[in-house]
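If you're matching positions, the sequence shown starts at 378 in this note's numbering and goes up one per residue. As structure tokens, the structure follows; a few thoughts come after it.
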Amino acid sequence: MRILIFQTKEKAMDFVVEFLIKEITRKPEIVLGLASGHTFIPIYRILKSKVRRNKINLGKIKTFNLDEYLKVGYKESFRYFMDKKFFIPLKMKKEQIHFLQSNPKNVKAHCNNYEKEILEAGRIDIQLLGIGRDGHIGFNEPGSIIKSRTRRIKLNEITVKDNNAPSRWALTMGIDTILKAKKIVLIATGRRKAGIMKRFFDNKISPELPATLLKKRKDLIVVLDKDAASKLRIRKTFK
Ligand code: GLP
């Protein structure tokens, strides 16, 4: 595991964006696994300005988002968040974007098809992940097993509250889906995440804290700012 702790949130975000740009430049047809949530707002903002400034071509990338609320209107959806923060400003074409639907006709078939689409795209090259205060990744709440795939899930009380969620139900890529990505980057910023990051490092691998299942991947990259790392014993690499 590579743990990178930055003095400020801005420096942490800048690192993630530079990492993404390097990988996109190396492989223009890269498959990105994207996340929504507050953590990603500055990342997508910095990415937008660097892509424009350096004229980076995103015309060949493919994206798969982690999760979506079930049965909500467009403006409450993660799709709306991503359209506004990433897809529209960066002029992404419809066929580049893959997203779980909020109102699929058949939930099971839709989830299975998402798994198929990921495989057909040649697997996710880089999966970006945030973390919920109950240890969820994507919307894999406590109890999510390592073999879980894309599916419907009921959100915890704390998740509904933290996210101001418009629905108690969501679709999410599973833990197995996430672990199949070629590279995984877990990102947490701010004091609100200090407690869960301490638990992430202290706890053994367990479905009760789904993020710990990521420790199966020895090449996991964890990016934190000083605040999110404030309860950790490891305080080495302040950048
Ligand atoms: C949400 C999303 C996750 C996100 C996490 C953290 O529930 N489903 O993908 O990483 O919670 O959100 P935030 O960045 O707003 O703290």
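We put the beta carbon where it would ideally sit given N, CA and C, even for glycine.
- Glu534 has its alpha-carbon roughly 11 Å from the corresponding atom of Glu518.
- Annotated as distal: Leu601 and Leu447, with beta-carbon spacing of 8 Å or more.
- Counting every other CB atom within 10 Å of its CB across the protein chains shown gives Leu496 a total below 16, marking it as exposed.
- The C-alpha of Glu453 is placed about 13 Å away from the C-alpha of Gln478.
- Between the beta-carbon of Val599 and that of Ile380 there is about 5 Å, and that keeps the pair under the 8 Å contact cut.
- Rounded to whole angstroms, the gap between the alpha carbons of Glu492 and Asn483 is 15 Å.
- Taking a 10 Å sphere around the C-beta of His415, we find fewer than 16 other C-beta atoms and assign the residue as exposed.
- Take Pro481, set aside five residues on each side of it, and the residues of its chain with a beta-carbon closer than 6 Å to its own are His487, in chain order.
- Taking the Cα of Thr566 as reference, the smallest distance to any Cα among Glu406, Arg510 and Asn490 is reached at Arg510.
- The closest CA to that of Ile474, considering only Gly507, Arg528, Val408 and Ser426, is found on Val408.
- Taking the Cβ of Leu409 as the reference point, every heavy atom of the ligand GLP lies at 7 Å or farther away.
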